[in-house]
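To start, the structure itself, in structure tokens.
There are 2 protein chains.
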Amino acid sequence: MKVDTNRRLVVYAQDEFGTGRAKTGEGVIRYGTSQVVAVVDRRHAGRTTEDVMGIGGAIPIVGTVQEAARFGADSMLLGCQFTGGEMPESWRQDIISALNLGMDVINGLHDFLVDDPEYAALAKKLNRQLIDLRKPPDKLPVASGKARDVDALTVLTVGTDCSVGKMTVSLELDKLAKLRGYKSGFVATGQTGIMIAGAGIAIDRVIGDFMAGAIEELVVENSPGLDFLFVEGQGSVYHPGFSGVTLSLLHGTAPEAMILCHQAGRKLIGKTGFPIPDLAKLAGVYESLAAIIRPAKVVGIALNTFGLSEDDARVHIEEAHRLTGLPATDPVRYSAECLLEPLEAMLKTRAPKAELANPAPMRT
Amino acid sequence: MKVDTNRRLVVYAQDEFGTGRAKTGEGVIRYGTSQVVAVVDRRHAGRTTEDVMGIGGAIPIVGTVQEAARFGADSMLLGCQFTGGEMPESWRQDIISALNLGMDVINGLHDFLVDDPEYAALAKKLNRQLIDLRKPPDKLPVASGKARDVDALTVLTVGTDCSVGKMTVSLELDKLAKLRGYKSGFVATGQTGIMIAGAGIAIDRVIGDFMAGAIEELVVENSPGLDFLFVEGQGSVYHPGFSGVTLSLLHGTAPEAMILCHQAGRKLIGKTGFPIPDLAKLAGVYESLAAIIRPAKVVGIALNTFGLSEDDARVHIEEAHRLTGLPATDPVRYSAECLLEPLEAMLKTRAPKAELANPAPMRT
């Protein structure tokens with residue numbers, strides 16, 4: 001999936017901005033290159049995104065799609081999830097309004113806009129685009145483990161659960177690596193990452209047999225010429241619903257190092273009631289599973305401390321460091337520096353690929 | 365997916381019967397309830413399936429679909445895979461011939477017959493069915509771990525690799541359990557199993573997010589009133605392409621016990637070059653991964669010794685037993701007895717579900 005990221009965007013987050021279910025919208029505001037001209041959420045109409053979430057500066061929040069259109073938007077991103085199985089009727093009306101107001105509509109949900117005859121007909125009539133970020137490529141390979149052989153140092157974010165900040169950590173590391181002069185890349189594996197990076201594959205929407213193959217192909221295609229390739233992780237091997245997605249991503253990526261991500265204070269996996277194991281144990285599980293394809297260590301812990309006081313954040317970070325013996329931080333609140341450092345050290349001491357095959361002349 | 369299994373079937377295995385790439389056809393001959401009236405494979409025309417594979421008795425092998433039709437077939441099963449990406453033109457002609465000769469066509473491949481406009485139009489005109497065994501249900505849930513709570517003792521076959529006999533072992537155990545008077549069921553998770561059982565979901569064709577949910581739903585729906593539920597395993601956690609499918613199946617099933625399946629003598633995973641670890645280590649890996657959702661032991665080793673001499677088969681079985689300390693056998697060559705016994709013992713000593721919640725009155 002490729003998507004133009006030079007847009008004037010409305011983020012549609014009706015009743016959900018700041019609730020935790022508007023991840024796609026919030027991610028694009030925080031990291032995207034498109035200009036977000038307005039957010040739709042009637043609960044916060046009249047305020048700014050900075051007021052509500054501490055991000056995005058003076059982006060206005062408005063109550064309706066019609067009001068949002070006045071800011072010169074060319075596209076509307078469905079930036080949140082809805083609860084329950086079917087899309088609410090009010091969303092349908094808002095999507096139709098956006099098309100009628102001259103906008104493309106961009107969707108990250110499992111159900112595709114292009115499969116809806118009403119949207120499809122209207123978009124065609126108005127010459128607007130319907131963009132389904134999760135739509136996988138038509139043909140994908142079965143993974144063979146070949147991502148082990150790429151030149152770039154591949155780093156996968158792994159997690160205790162969904163929605164703990166894996167994409168964010170990968171983006172922060174990529175940003176810092178570039179700042180430090182490295183050739184660095186980011187591989188998006190979810191709808192929000194794709195909307196930010198402009199390319200990628202939503203791995204959780206791929207058919208089982210081809211999940212690992214899809215990510216393997218992305219890693220192989222994106223790594224040439226890079227020092228670092230940061231791959232956005234998904235799910236958790238401890239999540240009963242998504243563990244298979246996580247393992248496919250781990251084996252398809254065949255990373256050289258991992259960063260373990262966690263939301264400070266969270267004790268249970270999603271809404272399942274399953275407990276999150278301690279970080280040291282979980283790091284060990286990811287290392288054993290990675291080793292099936294390629295040995296890789298967890299080299300740092302990234303904690304999401306959003307909403308915690310400064311003191312509480314520090315306590316959680318110190319605790320994570322103490323439990324695992326690894327560098328730990330919240331790379332959004334502070335800096336990704338202590339997570340990048342072990343990766344820089346690995347890059348300096350590792351042999352270039354060509355020399356690995358022929359161990360005599362080591363780079364020092 | 366549900367499919368009528370009371371058919372007069374032609375198994376289409378052109379150039380592949382007995383090569384190892386006609387698993388679906390061979391599985392249906394061995395375990396299906398449909399009557400196989402002929403096999404199409406020009407390389408063996410004039411012989412019987414018994415001559416070539418030692419299965420199926422006097423089922424004639426013929427060179428063309430036209431000849432096969434003379435045996436009064438009402439359906440043709442595409443019973444083998446083809447190599448390379450696109451279906452060969454000769455298959456297309458044979459599918460069209462089968463429809464014109466009054467047969468339904470049943471397909472277990474990833475690409476669906478119903479999506480092909482030429483087949484779809486012809487089948488409609490002739491009032492024949494196109495049945496795509498791998499077609500998943502439209503709506504599937506995300507797994508929550510609820511298969512832990514079913515009454516039946518759920519047993520999942522896990523493996524060192526693909527195509528080592530997981531479906532076969534599950535079917536043999538189900539058959540023996542029924543012979544011994546237990547209420548037993550089989551859950552099909554692949555195209556061949558579906559064609560044999562008449563129902564199931566091809567788990568490797570399901571979208572990542574819903575793989576575990578699909579199998580969880582099957583287990584919950586199929587278990588009421590049963591003593592044993594045997595779930596057909598898929599892939600291997602050591603396969604770089606399919607490990608995620610395997611883990612989804614493990615976590616969705618949440619089995620109470622596992623049987624580890626292996627093809628005697630196989631050293632490498634598929635065509636990947638990755639080594640198969642020793643059986644004791646692999647049993648431990650499956651047990652650790654199962655325990656994320658529900659503790660479960662590997663209670664026996666099933667070896668596929670097809671093609672080995674009697675002496676070699678015995679040597680491999682003894683070696684597997686020695687390495688793991690577990691009962692080991694080839695349940696097709698000999699009997700599934702020693703694999704069922706530890707499961708019968710578990711059933712006898714376990715408390716019924718209602719009592720597990722309230723530990724006082726144990727069943728003895």
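Residue numbers (the numbering used here), protein chains in the order written: chain W, 1 to 364; chain Y, 365 to 728.
Positions of the beta carbon are idealized from the N, C-alpha and C atoms, including for glycine.
Subject >> Chain-ordered neighbours of methionine 211/W on chain A, where CB pairs are closer than 7 Å >> reply: Protein chains W and Y are contained in the structure displayed, whereas chain A is not.
Subject >> Inter-residue spacing [alpha-carbon to alpha-carbon] between serine 454/Y and asparagine 107/W >> reply: Numbered from its first residue, the second sequence carries residue 454/Y at position 90. Numbered from its first residue, the first sequence carries residue 107/W at position 107. The straight-line gap from Cα to Cα measures roughly 41 Å.
Original post:
Among residues of its own chain, excluding the 5 on either side of glycine 165/W, which ones have a beta-carbon nearer than 6 Å to its beta-carbon?
Top reply: On the first sequence, residue 165/W is found 165 positions in, with the first residue counted as 1. Cβ contact annotation for glycine 165/W (same chain, cutoff 6 Å, sequence separation greater than five): Cys261 and Asn304, in chain order.
Subject >> Assigned exposure category for lysine 366/Y - 16 Cβ within 10 Å defines buried >> reply: Walking along the second sequence from the start, residue 366/Y turns up at place 2. Classification of lysine 366/Y: exposed, given that the 10 Å Cβ count is below 16.
Original post:
Taking the DSSP output, what are the residues bridged to methionine 76/W?
Top reply: Mapped onto the first sequence, residue 76/W falls at position 76. Methionine 76/W is bridged to Val10/W and Val105/W.
Subject >> Beta-carbon spacing of alanine 152/W, proline 224/W below 9 Å >> reply: Counting from 1 along the first sequence, the entry for residue 152/W is found at position 152. Counting from 1 along the first sequence, the entry for residue 224/W is found at position 224. Cβ atoms of alanine 152/W and proline 224/W: closer than 9 Å.
**OP:** Would you mind sorting glycine 577/Y into buried or exposed? The rule is 16 or more other CB atoms within 10 Å of its CB.
**Re:** Against the second sequence, residue 577/Y aligns to sequence position 213. Buried, since its Cβ has 16 or more Cβ neighbours within 10 Å.
Original post:
Are the stretch 182-198 of chain W and the stretch 118-125 of chain W in contact at 8 Å, needing three or more beta carbon pairs?
Top reply: no
**OP:** Report the three-state DSSP secondary structure of lysine 712/Y (helix, strand or coil).
**Re:** For the purposes of this step, residue 712/Y is taken as residue 348 along the second sequence, with counting starting at 1. Here lysine 712/Y sits in helix by DSSP.
**OP:** Identify the continuous alpha helix (DSSP H) that holds histidine 615/Y and give its terminal residues.
**Re:** Locating residue 615/Y in the second sequence gives position 251, counting from the first residue. Going by DSSP, histidine 615/Y is part of the alpha helix (DSSP H) stretching over 607-617.
Original post:
Under 8 Å Cβ-Cβ, which residues of chain Y neighbour valine 142/W?
Top reply: Here residue 142/W corresponds to residue number 142 of the first sequence, with the count starting at 1. In chain order: Gly605 and Phe606.
Original post:
In whole angstroms, what is the alpha-carbon distance linking methionine 575/Y and alanine 188/W?
Top reply: In the second sequence, residue 575/Y corresponds to position 211, counting from 1. In the first sequence, residue 188/W corresponds to position 188, counting from 1. Rounded to the nearest angstrom, the two C-alpha atoms are 22 Å apart.
Original post:
Whose Cβ in chain Y lies nearer than 9 Å to the Cβ of arginine 381/W?
Top reply: Residue coverage of chain W in this structure runs from 1 to 364, which leaves residue 381/W outside it and unanswerable.
**OP:** Counting only the same chain and skipping the five closest in sequence on each side, list residues whose C-beta sits under 8 Å from that of aspartate 642/Y.
**Re:** On the second sequence, position 278 is the one that residue 642/Y refers to. So the list reads Leu687, once near-sequence residues are dropped.
**OP:** Go to lysine 23/W, then tell me how far its alpha helix (DSSP H) extends in each direction, as first and last residue.
**Re:** Here residue 23/W corresponds to residue number 23 of the first sequence, with the count starting at 1. That run of the alpha helix (DSSP H) goes 23-31.
Subject >> Chain-order list of residues whose beta-carbon lies under 7 Å from that of phenylalanine 274/W (same chain, five-residue window excluded) >> reply: In the first sequence, the residue the question calls residue 274/W occupies position 274. Take phenylalanine 274/W, set aside five residues on each side of it, and the residues of its chain with a beta-carbon closer than 7 Å to its own are Tyr238, Pro240 and Leu268, in chain order.
Original post:
Is it true that the CB of arginine 128/W sits closer than 9 Å to the CB of glutamine 191/W?
Top reply: Position 191 of the first sequence, counted from the first residue, corresponds to residue 191/W. Position 128 of the first sequence, counted from the first residue, corresponds to residue 128/W. No, the pair does not count as a contact, with Cβ atoms beyond the cut-off.
Original post:
For chain W, is any of its Cβ atoms less than 9 Å away from the one on tyrosine 602/Y?
Top reply: Mapped onto the second sequence, residue 602/Y falls at position 238. True, the Cβ-Cβ gap to chain W drops below 9 Å.
Subject >> Start-end ranges of the beta strand (DSSP E) lying completely within the stretch 296-344 of chain W, minimum 3 residues >> reply: If only uninterrupted beta strand (DSSP E) runs of at least 3 residues are considered, those enclosed by the stretch 296-344 of chain W are 297-304.
Original post:
Which residues bound the beta strand (DSSP E) around glutamine 555/Y?
Top reply: The residue given as residue 555/Y occupies position 191 in the second sequence. Per DSSP, glutamine 555/Y is not a residue of any beta strand (DSSP E); the alpha helix (DSSP H) it occupies stretches across 555-561.
**OP:** Measure from the C-beta of isoleucine 657/Y to each C-beta in chain W and report whether the shortest distance is under 9 Å.
**Re:** As a position in the second sequence, residue 657/Y is number 293, starting the count at 1. Any Cβ of chain W closer than 9 Å to the Cβ of isoleucine 657/Y would place that residue at the interface, and such an atom is present.
Original post:
Based on the DSSP secondary-structure assignment, which residues constitute the bridge partners of serine 548/Y?
Top reply: Position 184 of the second sequence holds residue 548/Y. Phe592/Y.
**OP:** State yes or no: is the beta carbon of valine 649/Y nearer than 9 Å to at least one beta carbon in chain W?
**Re:** As a first step, residue 649/Y must be located in the second sequence, where it is residue number 285. At least one chain W Cβ lies under 9 Å of valine 649/Y.
Original post:
When the cut-off is 9 Å and only beta carbons count, does glycine 616/Y lie next to chain W?
Top reply: Looking up residue 616/Y in the second sequence gives position 252. Yes - at least one Cβ of chain W is within 9 Å of the one on glycine 616/Y.
Original post:
In three-state terms, what does DSSP make of threonine 157/W?
Top reply: Indexing the first sequence from 1 puts residue 157/W at position 157. Threonine 157/W: strand per DSSP, three-state reduction.
Original post:
Hey, is the stretch 72-80 of chain W in contact with the stretch 525-544 of chain Y, meaning 3+ C-beta pairs nearer than 8 Å?
Top reply: no
Subject >> Near-chain Y residues of the stretch 256-285 of chain W (beta-carbon distance less than 7 Å), N- to C-terminal order >> reply: Thr272 and Phe274
Original post:
What residue does the beta strand (DSSP E) around valine 404/Y start on, and which one ends it?
Top reply: Within the second sequence, the letter at position 40 stands for residue 404/Y. For valine 404/Y, the enclosing beta strand (DSSP E) has its first and last residue at 399-404.
Original post:
Does any CB atom of chain W fall closer than 9 Å to the CB of serine 398/Y?
Top reply: Taking the second sequence and counting its residues from 1, one reaches residue 398/Y at position 34. Not an interface residue.
**OP:** Could you tell me whether the stretch 604-615 of chain Y touches the stretch 540-550 of chain Y, using the rule of 3 or more Cβ pairs below 8 Å?
**Re:** Too few Cβ pairs lie closer than 8 Å, so no.
Subject >> Rounded C-alpha distance that separates proline 424/Y from arginine 569/Y >> reply: Here residue 424/Y refers to the residue found at position 60 of the second sequence. Here residue 569/Y refers to the residue found at position 205 of the second sequence. Taking the straight line joining both Cα atoms gives about 32 Å.
Subject >> Residue interval of the beta strand (DSSP E) (run including glutamine 627/Y) >> reply: Residue numbering aside, residue 627/Y sits at position 263 when the second sequence is read from its first letter. That run of the beta strand (DSSP E) goes 621-627.
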